[in-house]
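In this note's numbering, the protein residues as written are 112 to 506.
Each residue gets a CB set at the ideal place from its N, CA and C atoms; glycine is no exception.
Worksheet for the structure shown next.
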C-alpha cells in the first residue's frame, strides 16, 4: 500500500509540474518573432495574425496565469500601432504589414486591460502598453483607414466596398462573402469594452462608452426575433439593419469583461443562440434556413470560402457562448456542472478526433459536424482553456 501510494503521489507531482493537457498543448503555439515571442494562429499553414493572437492570448496566457508571456507578447505588438490600427498580419517576406482588421486593435486593447488587472508590470512597461491603447482609441475616435471612426451616436462605424474588416473575412476573387459594412455587433462590444477598460486613465473614454452603450441598447435589439441585429447602419445607411441570426452577438452577453446586455434580453439572446447556432463543436456562423446558409465546409478553395462564415461551425465561439450561458443561468455550481457536461465535454473529447490533443479551426454546420480547416487552431484551444477553467473541467 505504501509503495503504491508513493508511486501515485510521485505521478501526481510529475503531472502537476507538466501542467494540464490543455496547457501542454498550448505551448505549441508560442513562437519567436524577432527578439520577442508571439502566438502562431494554427498549424500547419497559419502564421501569427493580430486578431488570432490577441484572442488566443486570453486563454493560453491570461486564463492559464502565464502573465510574463502575456506581457512579452503584448509589448512586442505595442510599437506596431499605425493611425490607431494594429496590423492583422505581418508579411512573411518583409513586405508592408496588412492593416485590414477593425477588430484586431480592439482585441489588443481588451487583452491589455485584462492583463493590467492581473499583473503588476514595471512602470515603463505599463506606460508603453497604455500608450498603445491610447493611440488605438484616439485613432478610432478621430477616424482612420477604411472609414473606421466613432459616429455621432458613439458607435464605431467601419468598412468600404471590397474590403473585409471583421473576423468574417472570406473572399472569393473580388467578392467579399460577408462584407458587414456599417456597425457590426461584436465590434461595438469590443469598442465599448476597450473604452471602459481605458476610462480609468481618461474619463473622456468613459463618457464616450456611456453614449455608445446607450445607442447599442436602443439600436441593436430585434424584438421580433428576440436577438440582436448583426449590423446596423448597413453600408453606412442610417437605420438600415442586417437581422441575420449570427453568433457575433454573443460577445455582447458574455466572453468580454463588461457585458452590454442584462436581464431578459441577455437570456433571450443566449436561448436563441443555443437553439439555432450551438453544436457540440461550437457555434454555427449563420442559422440554418437563412439565405446563403451552407451546411458543409467542403469542395475547392472557392466553395470552402463561400461556406466559411455562412453556417460553418467555429469552436472559438464556444468560449463566449459558455460564459454568456453561465451569466444568465446564475454561475452556480449546478450551472457550472451542466455547462461542463453539455458544452465543454464534447470539445474536450474532440481533441482525439483531428489534431491530437488540440481543437480544430472549423466544423460542418450539419451533423455529425465533421471537423475541417486547421486541425491545430490557437484561438480554439485558448477559448477551450477559458471555459474549462470557468466550469472546473480543465485536465
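1) Give me, in chain order, the residues of the same chain whose beta-carbon lies closer than 6 Å to that of residue 454; leave out the 5 immediate sequence neighbours on both sides.
2) Counting only runs of 4+ residues fully inside the stretch 427–503, write out the alpha helix (DSSP H) ranges in chain order.
3) Would you be able to state if there are at least three C-beta pairs under 8 Å between the stretch 347–354 and the stretch 412–427?
4) Closer than 7 Å by C-beta to residue 450: which residues in its own chain qualify, once you throw out the five before and the five after it? Chain order, please.
5) Any idea what DSSP makes of residue 187, helix, strand or coil?
6) Could you give the residue range of the beta strand (DSSP E) that holds residue 350?
7) For the beta strand (DSSP E) that residue 100 lies in, which residues bound it at each end?
8) Could you check which residue in 392, 211 and 422 has the C-alpha nearest to that of residue 401?
9) Across the stretch 302–314 and the stretch 238–249, are there enough close Cβ pairs to call them in contact, namely three or more that are closer than 8 Å?
10) Between which two residues does the alpha helix (DSSP H) carrying residue 319 extend?
11) Just confirm the distance between the C-beta atoms of residue 393 and residue 425, as a whole number of angstroms; I'd bet it's less than 8 Å.
12) Any heavy atom of the ligand SAM inside 7 Å of the beta-carbon of residue 360?
13) Entirely within the stretch 192–250 and at least 4 residues each: give me those alpha helix (DSSP H) ranges in chain order.
14) Whose C-alpha, out of 285, 253, 144 and 341, is nearest the C-alpha of residue 277?
15) Throw me the rounded Cβ distance for the residue 298 and residue 243 pair, which I believe falls under 8 Å.
16) On the criterion of 16 or more Cβ atoms from any shown chain inside 10 Å, does residue 255 qualify as buried, or is it exposed?
17) Where does the unbroken alpha helix (DSSP H) through residue 164 begin, and where does it stop?
18) Consult DSSP for residue 259 and reduce its assignment to one of helix, strand or coil.
19) What is the DSSP secondary structure of residue 287, reduced to helix, strand or coil?
20) Report the rounded CA-to-CA distance for residue 129 versus residue 500, giving the unit in angstroms.
21) Mind reading off the beta-carbon distance from residue 140 to residue 181? Whole number of angstroms is fine, and I expect it under 8 Å.
22) Taking its Cβ as the centre, do 16 or more other Cβ atoms sit within 10 Å of residue 490, making it buried, or is it exposed?
23) For the 8 Å Cβ check, are there 3 or more pairs between the stretch 328–342 and the stretch 284–304?
24) Exposed or buried, residue 360, counting other C-beta atoms within 10 Å across all chains shown (16 or more means buried)?
25) Quick check on this structure: which residue in 236, 163, 258 and 431 has the alpha carbon closest to the alpha carbon of residue 273?
26) Leaving aside the five residues before and after residue 252 along the sequence, list all residues of the same chain whose C-beta is less than 6 Å from its C-beta, in chain order.
27) To the nearest angstrom, how far is the alpha carbon of residue 377 from that of residue 440?
28) DSSP state of residue 272, grouped into three classes?
29) Is there contact here, the stretch 194–203 with the stretch 212–220, by at least three beta-carbon pairs under 8 Å?
30) Would a C-beta distance cut-off of 8 Å place residue 429 and residue 365 closer than the cut-off?
31) Is DSSP giving residue 147 helix, strand or coil here?
32) Taking the CB atoms as reference points, tell me whether residue 265 and residue 319 lie closer together than 8 Å.
The answer reads as follows:
1) Result list for residue 454: 433, in chain order.
2) Here the runs fully enclosed are 428–439, 444–450, 456–461 and 489–502.
3) These segments do not touch.
4) Correct list, in chain order: 433, 436, 437 and 502.
5) Residue state for residue 187 is assigned as helix, using DSSP reduced to three classes.
6) Note, residue 350: premise wrong, no beta strand (DSSP E); not H, not E.
7) Given a span of 112 to 506 for the chain in the structure shown, any question on residue 100 remains unanswerable.
8) Selected option, being the one with the closest Cα: 422.
9) Enough Cβ pairs lie closer than 8 Å, so yes.
10) In the DSSP assignment, residue 319 falls within the alpha helix (DSSP H) that extends over 314–330.
11) About 5 Å separates the Cβ atoms of residue 393 and residue 425, confirming a contact at the 8 Å cut-off.
12) Ligands are entirely absent from the displayed structure, and the ligand SAM is therefore not among its contents.
13) The stretch 192–250 contains these whole alpha helix (DSSP H) runs: 215–229.
14) Residue 277 has its Cα closest to that of 341, out of 285, 253, 144 and 341.
15) Residue 298 to residue 243, Cβ: 19 Å. No contact.
16) By the 10 Å Cβ count, residue 255 comes out buried.
17) Per DSSP, residue 164 is one residue of the alpha helix (DSSP H) stretching across 161–168.
18) Strand, per DSSP.
19) Shown here, residue 287 sits in a strand according to DSSP, grouped into three states.
20) Note that residue 129 scores 44 on pLDDT, short of 50, meaning its location in the model is unreliable and no value can be drawn from it.
21) With a contact defined as Cβ atoms closer than 8 Å, residue 140 and residue 181 miss out at about 13 Å.
22) Looking at its Cβ environment, which holds 16 or more other Cβ atoms inside 10 Å, residue 490 is buried.
23) Segments in contact, yes.
24) So residue 360 counts as buried.
25) Among 236, 163, 258 and 431, the Cα nearest to that of residue 273 is on 258.
26) Residues 261 of the same chain have their beta carbon placed closer than 6 Å to that of residue 252, with the five preceding and five following residues left out of the count.
27) Answer to the nearest angstrom: the Cα atoms are 10 Å apart.
28) Three-state DSSP puts residue 272 in coil, outside helix and strand.
29) Yes, since at least three Cβ pairs between the stretch 194–203 and the stretch 212–220 fall closer than 8 Å, the two stretches touch.
30) Not a contact, by the Cβ cut-off of 8 Å.
31) Strand at residue 147.
32) Contact flag set, yes.
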